[in-house]
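Protein chains: 2
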Amino acid sequence: MSEILSRPSASAEVLPDGPRVTRSGLATEGVLTTNEEFAAWLGERETTDRMTVERVPLADLKGWHFTEGRASLVHDSGKFFSIRGADVTSTGPGPRAWQQPLIHQPEVGILGLLAKEFGGVLHFLMQAKIEPGNRRQLQLSPTVQATRSNYTKVHGGAAIPYLDHFLPEGRGRVIADVLQSEQGAWFLGKRNRNMVVETTDEIEVRDNFRWLTYGQIRRLLAVPNLVNMDSRTVLACVPIATDGLPDGSDGPLADAPDPEFAAELWHSLRAADADGRHTDAEISAWLNDVRVDTPLAVGPIELTGLREWQVSDDEIAHRQGKHFRIIGVSVRGRREVDAWQQPLLAPVDVGIVAFLTRRIDGVLHVLMRAAVEPGFLDVVELGPTVQCSPATYADAPPERRPRFYDYVLGATDNVRYDVLLSEEGGRFYHAECRYLVVDCGDLPEALEPHPDFRWMTVRQLTAWVQHRNCVNVQARTLLACLNSLW
Amino acid sequence: MSEILSRPSASAEVLPDGPRVTRSGLATEGVLTTNEEFAAWLGERETTDRMTVERVPLADLKGWHFTEGRASLVHDSGKFFSIRGADVTSTGPGPRAWQQPLIHQPEVGILGLLAKEFGGVLHFLMQAKIEPGNRRQLQLSPTVQATRSNYTKVHGGAAIPYLDHFLPEGRGRVIADVLQSEQGAWFLGKRNRNMVVETTDEIEVRDNFRWLTYGQIRRLLAVPNLVNMDSRTVLACVPIATDGLPDGSDGPLADAPDPEFAAELWHSLRAADADGRHTDAEISAWLNDVRVDTPLAVGPIELTGLREWQVSDDEIAHRQGKHFRIIGVSVRGRREVDAWQQPLLAPVDVGIVAFLTRRIDGVLHVLMRAAVEPGFLDVVELGPTVQCSPATYADAPPERRPRFYDYVLGATDNVRYDVLLSEEGGRFYHAECRYLVVDCGDLPEALEPHPDFRWMTVRQLTAWVQHRNCVNVQARTLLACLNSLW
Chain A
74 MSEILSRPSA SAEVLPDGPR VTRSGLATEG VLTTNEEFAA WLGERETTDR
124 MTVERVPLAD LKGWHFTEGR ASLVHDSGKF FSIRGADVTS TGPGPRAWQQ
174 PLIHQPEVGI LGLLAKEFGG VLHFLMQAKI EPGNRRQLQL SPTVQATRSN
224 YTKVHGGAAI PYLDHFLPEG RGRVIADVLQ SEQGAWFLGK RNRNMVVETT
274 DEIEVRDNFR WLTYGQIRRL LAVPNLVNMD SRTVLACVPI ATDGLPDGSD
324 GPLADAPDPE FAAELWHSLR AADADGRHTD AEISAWLNDV RVDTPLAVGP
374 IELTGLREWQ VSDDEIAHRQ GKHFRIIGVS VRGRREVDAW QQPLLAPVDV
424 GIVAFLTRRI DGVLHVLMRA AVEPGFLDVV ELGPTVQCSP ATYADAPPER
474 RPRFYDYVLG ATDNVRYDVL LSEEGGRFYH AECRYLVVDC GDLPEALEPH
524 PDFRWMTVRQ LTAWVQHRNC VNVQARTLLA CLNSLW
Chain B
74 MSEILSRPSA SAEVLPDGPR VTRSGLATEG VLTTNEEFAA WLGERETTDR
124 MTVERVPLAD LKGWHFTEGR ASLVHDSGKF FSIRGADVTS TGPGPRAWQQ
174 PLIHQPEVGI LGLLAKEFGG VLHFLMQAKI EPGNRRQLQL SPTVQATRSN
224 YTKVHGGAAI PYLDHFLPEG RGRVIADVLQ SEQGAWFLGK RNRNMVVETT
274 DEIEVRDNFR WLTYGQIRRL LAVPNLVNMD SRTVLACVPI ATDGLPDGSD
324 GPLADAPDPE FAAELWHSLR AADADGRHTD AEISAWLNDV RVDTPLAVGP
374 IELTGLREWQ VSDDEIAHRQ GKHFRIIGVS VRGRREVDAW QQPLLAPVDV
424 GIVAFLTRRI DGVLHVLMRA AVEPGFLDVV ELGPTVQCSP ATYADAPPER
474 RPRFYDYVLG ATDNVRYDVL LSEEGGRFYH AECRYLVVDC GDLPEALEPH
524 PDFRWMTVRQ LTAWVQHRNC VNVQARTLLA CLNSLW
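Protein sequences, first through last, are from chains A and B.
Just so we're aligned, residue 74 is where the first sequence starts under the working numbering, counting upward by one.
Just so we're aligned, residue 74 is where the second sequence starts under the working numbering, counting upward by one.
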């Protein structure tokens with residue numbers, strides 16, 4: 074690594090982070106690591122880093138036990154995470170009530186991406202990381218991916234490389250630090266700090282880490298199941314601005330997948346406040362209306378008391394085979410010490426998650442939905458246009474299916490992005506979603522006023538992500554994916 | 074009122090809200106209502122609108138009762154609000170634990186300010202409103218000040234004038250809509266929607282309402298106990314921008330209380346991101362550090378189980394006479410129907426709330442403190458430099474008193490603002506704070522790094538207020554007061 078670390082930073086000017094990140098985003102061929110070197114390294118990691126994952130009945134999981142009467146499934150330390158029942162009631166108009174298991178993990182973890190300038194271009198230290206739940210085991214993760222139990226060593230384990238760069242004492246310049254929710258239908262109150270920190274220290278690059286430009290990373294979002302969920306959510310929090318670039322770059326790259334759409338994205342990223350269909354105050358009012366009209370109460374309940382769910386020694390499953398199951402796995406890595414057992418949440422099918430886009434007064438907008446999920450801190454967050462598990466609607470008539478669901482599944486030549494990506498492999502088993510960006514042109518119903526939907530510019534969405542608990546994890550993934558298209 | 078309503082709006086240009094509000098802020102002499110007319114109207118209201126308020130033992134309050142064993146004090150409807158015990162534990166470094174009564178009111182109310190242009194200048198419809206807890210009973214409130222129980226008629230009462238302008242069906246253009254906390258040391262999880270809505274409808278002006286410019290309202294903040302808490306927090310959410318003014322106004326008014334300080338405020342309101350001592354991402358990281366290191370657990374406890382508090386038929390009081398008491402009052406207005414009884418929280422003394430300001434690299438900054446209060450949604454919010462009840466520190470040695478407390482109390486010719494203002498008179502009895510802005514010049518310790526404090530520009534603070542639960546109610550009041558000084 075020594076020849077890499079000896080390259081001096083050539084940047085003397087001081088630019089705001091937005092244009093600096095965008096400049097790194099234009100370096101799709103790489104600066105420090107070429108795409109060819111990256112591919113060779115990734116192939117090598119894929120042959121060396123493997124885990125064996127085998128099913129184990131929940132009742133037999135080492136280090137875990139059901140509490141009395143199978144009320145909940147907990148770690149022997151009482152920390153880490155647990156599986157509990159939730160009784161959900163919405164007392165607003167059209168009241169709904171349901172019960173379900175949720176992963177309870179009330180700690181705040183860190184998803185940290187380390188940044189450093191090489192040759193005047195920001196680079197990000199990406200990790201090749203294997204997770205037991207991933208179908209494609211090895212994926213690209215941020216520099217640090219640590220629960221609080223992890224980094225305070227509740228359940229043993231080795232020190233976490235590069236963690237110090239994200240803790241107060243050893244921290245460099247903070248580029249982003251936002252508390253974000255994760256799947257609110259699967260987690261109760263789970264949040265992670267999404268951090269991007271720039272260092273000027275000499276950094277030793279370990280075997281399973283590589284410095285990549287933002288351009289390299291965002292283009293890798295075209296590869297199925299490669300950029301993991303934790304990377305995608307942190308990438309969504311990286312500030313991006315397509316104005317203020319110093320070297321006259323006034324548009325996206327000519328080699329973008331669809332140059333015309335790329336130019337529209339680039340334009341929407343610099344849209345003025347007045348170019349949006351709604352002001353930020355109007356978006357805020359819309360979310361507050363939902364908060365006031367849809368108060369959600371989430372109360373604890375024993376797992377065995379859950380209507381519609383069956384708890385056995387083996388697993389926790391929905392009686393109609395919908396939603397997900399909670400299963401147990403035994404994990405073994407290369408070394409003897411890399412062995413543990415844990416529960417995972419296994420969705421029953423591949424999710425569908427989509428953004429609709431269209432031009433409004435010449436500016437590309439994205440159709441956001443008010444997503445209400447029981448695990449959220451504050452009832453509602455901005456979600457993708459469509460987000461669902463197809464199994465839930467397998468036997469539903471068209472009018473009961475989510476708005477635009479059939480439209481998205483039937484889209485063909487107006488699909489701008491369509492890639493299978495994995496959710497967190499440390500908590501979920503083979504959880505994958507098909508992420509789509511569909512440009513709906515002048516589809517008339519897309520402009521019909523609807524209480525659950527609002528159009529926003531890409532710049533607005535980019536700004537809202539900087540504030541805690543405003544944009545859900547699926548929409549953050551899609552924002553990262555949108556930025557793979559310029 | 075007819076001659077007022079027939080004045081046409083002269084404004085044809087479309088300006089963003091920030092400069093429009095600022096232009097209204099420069100109209101300190103009034104446009105529609107002169108200051109003289111306002112003073113006459115206010116005097117008239119003060120002679121006609123009065124309430125008689127008498128102490129009643131808590132156990133005798135009509136419409137209220139202690140639950141079994143005096144566990145809590147509740148409204149007979151089970152709604153409205155209640156007084157409950159809270160057991161507070163902080164599990165972070167230097168753990169602290171205490172118990173106290175809190176006002177429990179888990180609904181979201183509306184503080185709504187109606188705006189309309191007259192003569193090309195934005196006006197705001199202010200209400201002369203009497204509240205039982207105010208020492209100066211009649212104060213200026215926003216157009217609408219309604220709990221959800223209020224406007225859904227849980228405890229009877231008349232229809233709320235102008236409410237429709239703030240509900241989804243009748244709403245005009247939203248200028249601001251932010252969910253904000255209130256006193257986190259007195260309320261558990263209380264939040265109000267702070268709304269500013271612009272209408273173009275013809276508005277009938279009722280006797281106890283008047284249209285004022287932002288300039289008139291902000292200058293009234295120099296008058297003790299006149300602009301009520303609800304007005305101050307909504308005013309803090311009104312967007313202000315001192316750039317982009319169309320008519321060449323490039324500075325504050327010559328008649329500002331301190332023209333030099335006014336010019337510095339005006340400059341700080343247009344400070345670029347790079348002019349701040351810290352970036353917004355660094356401020357966010359600081360608050361997240363506090364959230365992670367100071368997890369607060371707030372659990373329910375019976376009132377009679379509270380250590381250090383005495384519950385009697387008459388009142389709930391701290392055994393050492395600190396903090397506050399919960400008392401009962403009987404209220405009678407002019408008419409027979411304007412009579413009710415309710416509990417109120419009576420602080421034992423006048424609070425001290427202060428901003429320190431100073432120039433950093435030529436730009437005026439405000440010293441913000443990470444305020445951790447049990448009633449907050451998310452542990453911590455940006456608070457004033459100093460915020461405390463002097464009684465708490467009456468017998469404490471200097472080193473145990475809050476940082477800058479002695480400095481603020483000893484300040485003389487560097488005091489830019491020093492006015493007694495009331496807290497909410499519908500829940501608090503004679504609750505007043507002395508609000509101060511003290512310019513600390515080059516006081517050396519003010520620049521010393523401290524984990525609880527960060528310097529921010531006025532523009533940064535103005536932007537952070539637009540996001541829910543980021544700035545506490547005392548700091549919002551002081552932000553409104555700062556804007557009374559240009």
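Heads up, the beta-carbon is just placed ideally off N, CA and C, and yes, glycines get one too.
Going by DSSP, what residue range makes up the alpha helix (DSSP H) through A/Pro-332? 332 to 342
Let's test the definition: count the other Cβ atoms within 10 Å of the Cβ of B/Asn-545 and tell me whether it reaches 16, buried, or not, exposed. buried
Which residue comes first and which comes last in the alpha helix (DSSP H) that contains B/Ala-112? 108 to 121
Quick one, which residues of the segment 340 to 363 of chain A are near chain B if we go by CB-CB under 8 angstroms, in chain order? Asp-346, Ala-347, Thr-352, Asp-353, Ala-354, Glu-355, Ser-357, Ala-358, Asn-361 and Asp-362
Sorry if obvious, but does the Cβ on A/Asp-525 come closer than 7 angstroms to a heavy atom of the ligand ADP? The ligand ADP is not part of this structure, which contains no ligands at all.
Thinking C-beta only, is A/Val-531 closer than 8 angstroms to A/Leu-417? no
Between the beta-carbon of A/Ile-374 and the beta-carbon of A/Ala-159, is there less than 8 angstroms? yes
Looking only at DSSP bridge pairs, what is B/Cys-461 linked to? B/Ile-425
Proximal residues, the segment 248 to 278 of chain A versus chain E, C-beta separation under 7 angstroms: Among the protein chains of the structure shown, namely A and B, there is no chain E.
With a threshold of 8 angstroms on Cβ separation, who are the neighbours of A/Asp-515 within its own chain once the five nearest residues in sequence on each side are excluded? Arg-431
For A/Ser-385, is the classification buried or exposed, using 16 other Cβ atoms within 10 angstroms of its Cβ as the cut-off for buried? exposed
If you measure from the beta carbon of A/Leu-195 to each beta carbon in chain B, is any gap under 8 angstroms? no
For B/Leu-455, which of helix, strand or coil comes out of DSSP? strand
With distance defined between alpha-carbon atoms, name the residue in B/Val-423, B/Glu-337 and B/Asp-479 nearest to B/Asp-434. B/Glu-337
What residues in its chain sit with their C-beta under 8 angstroms from that of B/Trp-339, if we drop five residues either side in the sequence? Thr-315, Gly-324, Pro-325 and Trp-559
According to DSSP, is B/Leu-293 part of a helix, a strand, or is it coil? helix
Which bits of chain B does A/Asp-451 rub up against, with CB to CB less than 9 angstroms? Leu-252, Leu-450, Asp-451, Arg-541 and Asn-542
Is B/Asn-361 helix, strand or coil when you go by DSSP? helix
Residue burial classification, B/His-523 (beta-carbon count within 10 angstroms, cutoff 16): exposed
Contact under 8 angstroms by Cβ, B/Phe-260 with B/Gln-178: yes
Mind checking whether B/Glu-388 and B/Arg-380 have CB atoms under 8 angstroms apart? no
Let's see if you can read the secondary structure: which residues bound the beta strand (DSSP E) around B/Ala-390? 389 to 391
Look at the Cβ atom of B/Ala-184, then the Cβ atom of B/Met-124, and state whether they are nearer than 8 angstroms. According to the sequence shown, residue 184 of chain B is Leu rather than Ala. No.
Taking the alpha-carbon positions, what's the A/Thr-465 to A/Lys-395 distance? 6 angstroms
Quick one: Cα of B/Arg-264 to Cα of A/Pro-470, how far? 40 angstroms
When the Cβ atoms of the segment 246 to 262 of chain B are set against those of the segment 201 to 212 of chain B, are three or more pairs found closer than 8 angstroms? no
Would you tell me roughly how many angstroms separate the C-alpha atoms of B/Gln-539 and B/Tyr-287, rounded to the nearest one? 18 angstroms
Which of helix, strand or coil DSSP assigns to B/Glu-569: The requested residue 569 of chain B does not occur in the structure, where chain B is confined to residues 74 to 559.
Check whether the segment 493 to 512 of chain A and the segment 292 to 308 of chain A are in contact - that is, three or more C-beta pairs closer than 8 angstroms. yes
Closest to B/Arg-96 by CA distance: which of B/Gln-289, B/Leu-115 and B/Asp-451 is it? B/Gln-289
Identify which residue in B/Tyr-235, B/Asn-556 and B/Ala-358 has its Cα closest to the Cα of A/Arg-266. B/Ala-358
Any C-beta of chain B sitting closer than 8 angstroms to the C-beta of A/Val-181? yes
Ranges of the alpha helix (DSSP H) found wholly within the segment 193 to 252 of chain B, counting only runs of at least 4: 221 to 224
Rounding to the nearest angstrom, what Cα-Cα distance links A/Val-459 and A/Gly-499 in this structure? 25 angstroms
Please state whether DSSP places B/Arg-305 in a helix, a strand or coil. helix
Host alpha helix (DSSP H) of A/Trp-50 (start-end): Residue 50 of chain A lies beyond the residue range present for chain A, which begins at 74 and ends at 559; the question has no answer from this structure.
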